[in-house]
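This report refers to the structure that appears directly beneath it.
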């Protein structure tokens, strides 16, 4: 920032460098923020505004007739209990979140120490996150189908008696799907944890070594406190994600057999039943729920961290 | 410390917000097109043909939207366009094939850019047709030459010509039926169930494949409602006034009870949740599946995988009406139409009528030609032998046009959405704590309420 931008030559740069340092800084800050802000407004706030706007209308998505209905859509949502029943499904993903974070933290910690084939394993662990959600859904369809990959694996290990209808059994389907979700998003948590852990200065470990701390002590008293912030952030993201889970169940089952989530219901309402106003209202409700959960969580963490 | 925390939360909030907004944006990012769109809807008179100009004089470049991603190159570009250009040398035709046709085109229709020629998506309300599509002519004039031009009409003006005409029924593998000792095509639900039981007992084939996971193949069952009703007025006159259409003996009861019974007796695939549409085609061709409830459009797709195309047969929905007839409801597939915002309407019109008159699309796809008086396709020859009577839905009277769609969407029953059909199968295989009677009662209640709201009766 303190360097002269442009480095002279053109007339613009000359006149620019004649500005005071403060003024230069301001111009640069504004110019640099302009593009991301424009993107943010265009793709986040404008659609958000329209979504809230539509939530007060009865509209089938493309007809020119929009009828203003006030809060009717919201009343509908809150007077139909079946809309909220699906949040039970979110609980599966919520618990899966902790499994996911634990695995991610475990691998991140191990791979932050000196291990053979470190980069290879990093790649392997992060790879699922790079895959397209649709591809993953298809992979797991074959994985879970009767006589599919999972059943074959179990038989290979002589565990054939444990074979289930992984997606057909309504008691298991959400666990299977949440498992798929863990497989997919664990890499993301992992790479973030790995990044923070590697930012811990190595002399701290050395000092701990000299003091006779073992790996577990190092993890408990050095790593965890140093990355606490990031764990919190990951928890917030994961929980919001659990409430708004959509992609994997939608592609794999379309919300059938008791795997429907609130977002799937929203999409069905808007696209299958042509109620865009009601769908928008549901999306707004979801948004408010996520904000509330985030605020509550923040409050809890603040008290603990004090 | 506080400041940092605030930023952390703010940042994550923004992140979550943008994620959500992206989700919501999908549904809502498009404004409804401006209200001045219905400018050219009044000049709807000149029907038929390609207008008055000689074919050579029509020039321009048009984009045709199609759902046939599979044959857009091999058939549309390489066969149709050269033949089309022989007659209309100065029209350049481009194609845009869309996999999720319904979903994408509906959203694009909020803009002006949705091709020059396109297929009218389902669930466009008739009164909205003039805002989006160019009138092709009066129903009266066009129906002298074409079938089902009244399926997308508003106030006597037609906006689309079907690309092909389908009959409804069940695709089956003849060899499996033979192996199971079923010689006669079932004509009642009981006979059909017996056939399924025989297949389960005597062969390794799955008696009835539901394609539950893909969802939309279940909607194909709904197409048989007019076959079972045996009354052309059923859909647009009876159903829109019936406050309990899922009651015993009524067409919807007959159709979905059969679905339930087959699933309940284990005559369907062992795990419906992992079915796959694409693999179901070779499976029925190889005799691993005995039957699938699908429109006649599916016959050729199944035959492609069969060693002997004659193994694939087609039968009507097994229901004999009181008059002793077995009906098969037929109706137009997607209707091809012209974008009202197109800048090359002449050229677009030339394509639409050429496609209907001369392309031969319907016949080569195993469907019934939209041209009146053409012979039944090879695939449906069996219908003639069985004495099946084709029946088609009578369109709603103008003042009730769109009622069915409105009731369906208002009630969230979804006659052409997979939701309640999946629910029926789940209940049948014991995944839900409700009986078929519970489901029918719930559907009846929702439908009845919506009927009251929409019809005001």
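Protein chains in written order, with the working numbering: chain A, 1253 to 1558; chain B, 144 to 600. Quick reminder that beta carbons are idealized off the backbone N, C-alpha and C, glycines included. Bear in mind that the values here come from a model prediction, so they are computed numbers and not experimental data.
I'd like to know whether the C-beta of residue i is nearer than 8 Å to at least one C-beta of chain A.
i, result
"residue 143 of chain B", "As displayed, chain B neither begins before 144 nor continues past 600, which places residue 143 of chain B out of reach and without an answer."
"residue 417 of chain B", "yes"
"residue 373 of chain B", "no"
"residue 664 of chain B", "Residue 664 of chain B is absent from the structure shown; chain B starts at 144 and stops at 600."
"residue 446 of chain B", "no"
"residue 581 of chain B", "no"
"residue 533 of chain B", "no"
"residue 187 of chain B", "For residue 187 of chain B, the predicted structure reports a pLDDT of 37, less than 50, and the residue's modelled location is therefore unreliable. The matter cannot be settled from this model."
"residue 280 of chain B", "no"
"residue 171 of chain B", "Confidence at residue 171 of chain B is low in this model, with a pLDDT of 35, below 50, so the placement of that residue is unreliable and no value is reported for it."
"residue 311 of chain B", "no"
"residue 599 of chain B", "no"
"residue 510 of chain B", "no"
"residue 366 of chain B", "no"
"residue 503 of chain B", "no"
Tell me, please, which residues DSSP counts as bridged to residue i.
i, result
"residue 473 of chain B", "B:310 and B:535"
"residue 457 of chain B", "B:314"
"residue 296 of chain B", "B:301"
"residue 1310 of chain A", "A:1319"
"residue 235 of chain B", "B:204"
"residue 463 of chain B", "B:469"
"residue 260 of chain B", "B:207 and B:481"
"residue 1546 of chain A", "In DSSP, residue 1546 of chain A forms no bridge with anything."
"residue 557 of chain B", "Answer is none; residue 557 of chain B lacks a bridge partner."
Could you tell me whether the Cβ of residue i comes closer than 8 Å to any Cβ of chain B?
i, result
"residue 1494 of chain A", "no"
"residue 1254 of chain A", "With a pLDDT of 45 at residue 1254 of chain A, under the threshold of 50, the predicted position of this residue should be treated as unreliable, though the coordinate-derived value follows. Not one chain B Cβ lies under 8 Å of residue 1254 of chain A."
"residue 1430 of chain A", "no"
"residue 1508 of chain A", "yes"
"residue 1500 of chain A", "no"
"residue 1422 of chain A", "yes"
"residue 1316 of chain A", "yes"
"residue 1312 of chain A", "yes"
"residue 1210 of chain A", "Here chain A covers residues 1253 to 1558 and nothing more, so residue 1210 of chain A does not appear."
"residue 1505 of chain A", "yes"
Please work out which residues of its chain come closer than 6 Å, Cβ to Cβ, to residue i, disregarding the five sequence neighbours upstream and downstream, and give them in chain order.
i, result
"residue 184 of chain B", "Here residue 184 of chain B scores only 36 on pLDDT, less than 50, and its place in the model is too uncertain to base an answer on."
"residue 323 of chain B", "341, 342, 345 and 346"
"residue 358 of chain B", "561"
"residue 394 of chain B", "368, 371 and 372"
For residue i, which residues from the same chain have a beta carbon less than 8 Å from its beta carbon, with the 5 sequence-adjacent residues on both sides left out?
i, result
"residue 308 of chain B", "290, 291, 473, 474, 475, 476, 505, 510, 511, 512 and 513"
"residue 265 of chain B", "245 and 559"
"residue 397 of chain B", "332, 371 and 462"
"residue 1332 of chain A", "none"
"residue 444 of chain B", "424"
"residue 1457 of chain A", "1470 and 1474"
For residue i, which residues of its own chain have a beta-carbon under 7 Å away from its beta-carbon, when the five flanking residues on both sides are left out?
i, result
"residue 549 of chain B", "597"
"residue 488 of chain B", "277 and 481"
"residue 1320 of chain A", "1308 and 1309"
"residue 387 of chain B", "587 and 591"
"residue 242 of chain B", "212"
For the ligand FAD, is there a heavy atom less than 7 Å away from the beta-carbon of residue i?
i, result
"residue 307 of chain B", "The ligand FAD is not part of this structure, which contains no ligands at all."
Taking only beta carbons into account, state which residues of the region 244-259 of chain B come closer than 8 Å to chain A, listed in chain order. 246, 249, 250, 252 and 253
Select from the region 1388-1420 of chain A all residues with a C-beta closer than 7 Å to any C-beta belonging to chain B, and list them in chain order. 1393, 1396, 1397, 1398, 1417, 1419 and 1420
Residues in the region 402-417 of chain B with C-beta within 8 Å of chain A's C-beta atoms, listed in sequence order? 413, 414, 415, 416 and 417
Pairing CB atoms from the region 415-433 of chain B with CB atoms from the region 316-323 of chain B, are three or more of them under 8 Å? yes
Contact set between the region 1520-1548 of chain A and chain B, restricted to residues whose Cβ is under 9 Å from the partner: 1520, 1521, 1522, 1523, 1524, 1525, 1526, 1527, 1528, 1531, 1532, 1535, 1536, 1538, 1539, 1542, 1543, 1546 and 1547
Take every Cβ of the region 221-232 of chain B, pair it with every Cβ of the region 1280-1290 of chain A, and state whether three or more of those distances are shorter than 8 Å. no
Below 8 Å, how does it come out for the region 526-543 of chain B and the region 451-461 of chain B: are there three or more Cβ pairs, yes or no? yes
Quick check: the region 1518-1527 of chain A against the region 547-559 of chain B, are at least 3 beta-carbon pairs closer than 8 Å? yes
Are three or more beta carbon pairs between the region 1539-1554 of chain A and the region 1484-1491 of chain A nearer than 8 Å? yes
The region 1307-1318 of chain A touching the region 243-262 of chain B, judged by at least three CB pairs closer than 8 Å: yes
Closer than 8 Å between beta carbons: that is the criterion. Which residues of the region 560-573 of chain B meet it against chain A? 560, 561, 562, 565, 569 and 572
Cβ contact (3+ pairs, closer than 8 Å) linking the region 564-576 of chain B and the region 397-411 of chain B: yes
Mind checking the region 261-290 of chain B against chain A and listing, in chain order, the residues whose C-beta falls within less than 7 Å of any C-beta there? 266, 268, 271 and 274
Whether or not the region 434-450 of chain B and the region 1450-1460 of chain A are in contact is what I'm after, with contact meaning three or more pairs of Cβ atoms, one per stretch, closer than 8 Å; do they touch? no
The region 1319-1330 of chain A contacting the region 1407-1418 of chain A, beta-carbon criterion three pairs below 8 Å: no
Residues of the region 520-552 of chain B with a CB closer than 7 Å to any CB of chain A: list them in chain order, please. 552
Is there contact between the region 1338-1358 of chain A and the region 1419-1433 of chain A, where contact requires at least three CB pairs shorter than 8 Å? yes
Does the region 377-386 of chain B touch the region 534-547 of chain B, meaning 3 or more C-beta pairs lie closer than 8 Å? yes
If the cut-off is 9 Å on Cβ atoms, which residues from the region 1328-1353 of chain A count as contacting chain B, listed in chain order? none
The region 1498-1507 of chain A in contact with the region 1515-1523 of chain A per 3-pair CB rule at 8 Å: yes
Under 9 Å, CB to CB, which of the residues in the region 219-235 of chain B have a partner in chain A? none
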